[in-house]
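> Structure incoming, see below.
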Amino acid sequence: MKLPGKVAIITGAATGIGQALATAFAGEGAAVAVDYVGPSGASDQTLKQIKAAGGRGIAVAADVSNPSQVAALIDETVRAFGRLDVLVNNAGIEFKHPFLEFPLEQFQKIVAVNLQGPFLCAQAAARQMVQQGAGGRIINISSVHEDLPMPTNAPYCATKGALRMLMRTLAVELAPHKITVNNIGPGAIYTPIDADVEANPAMEAALMAEIPLGRWGHPREVANLAVFLASDEAGYITGSTYFIDGGMLRQSGSL
Ligand code: NAD
């Protein structure tokens, strides 16, 4: 087991990558707080998978963009499991529109969830970790779009780019407390966030042509990387983004 005795919070863990992270962390011995938004049963499937993996989990409803709900998320986790060792900022959203028509309210919502959320969660988690005095791990699920432009998705790309500098700055600032901070930058991972592409064979074929390995990534593959970054073995790794994208960022087209 790679995470025995660790306590982890994973935001947005009712679906997709977050669900795979929660299940993988539990299977490696971590106790997991499953953050979610929406109806109370939304996290049931993740909790079931944690149990099946032989792990311990609790579900906590908290909107990551809301400071008091984030504070409650940390409190409930510490009350249940006694401490906090790992935060994974996974919750994220996107709305796609041509830039010239992008509604301001949707820009603000994306910034609130994808950037303010990780800021608030990292701050609250780091305060708890500093108080414990034994270091910790903060991992942000960013995207290839922290580097790669995507027309019609400007606010999403902007928040992921900002997450890169948030991570780099926090890595330096929190290093004296032995808290490491890193990003994982997934490419095309088969989850609900890409439902529009998954449902459109022409769009899907165009996307696959952009990926040297020629396939979607699986949430479990992202989770495997996160487990390593969260483990004691990764204690000297901080301040970088680790892309998991089937080679997408290195695709050079026909040249
Ligand atoms: P997803 O839609 O299944 O997961 C996003 C989760 O975030 C959902 O469970 C949603 O309920 C939750 N969420 C939304 N707003 C929230 C809020 N305010 N507070 C708490 N939770 C909230 O999609 P996913 O692909 O699993 O996405 C997870 C992360 O991975 C996101 O940050 C996304 O940007 C990133 N990512 C995904 C891909 C991909 O191809 N799937 C690629 C790159 C990056």
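In the working numbering, the protein residues as written are 2 to 256.
In this text, a Cβ means the ideal position worked out from N, Cα and C, and glycines have one as well.
Decide yes or no for the touch test of the region 78-86 against the region 122-135: beta carbon pairs closer than 8 Å, at least 3 of them.
yes
> Taking DSSP as the reference, what is the three-state secondary structure of residue 45?
helix
> Is the CB-CB distance between residue 140 and residue 201 below 8 Å?
no
> Does the distance from the C-beta atom of residue 13 to that of residue 137 stay below 8 Å?
no
> In three-state DSSP terms, what is residue 244?
strand
> For residue 8 and residue 102, I'd like the C-alpha separation in whole angstroms.
43 Å
> Assign residue 48 to buried or exposed, taking buried as 16 or more other Cβ atoms, counted over all protein chains shown, within 10 Å of its Cβ.
buried
> Going by alpha carbons, who is nearest to residue 144 out of 188, 19, 26?
Residue 144 has its Cα closest to that of 188, out of 188, 19, 26.
> For residue 77, collect the residues of the same chain with a Cβ closer than 6 Å to its Cβ; drop the 5 residues on either side in sequence, then sort them by chain order.
61
> For residue 126 and residue 88, which I take to be in contact (beta-carbon distance under 8 Å), what is that distance rounded to the nearest angstrom?
4 Å
> List in chain order: all unbroken beta strand (DSSP E) runs of 3+ residues lying wholly within the region 128-198.
137-142, 180-187
> Distance, Cα to Cα, residue 44 vs residue 20?
9 Å
> One question on the structure: do residue 123 and residue 91 come within less than 8 Å of each other, judged by their Cβ atoms?
no
> Looking at the secondary structure, which residues open and close the alpha helix (DSSP H) in which residue 18 lies?
17-28
> Please list the segments of the beta strand (DSSP E) lying wholly inside the region 44-87, counting only runs of 3 or more residues, in order along the chain.
57-62
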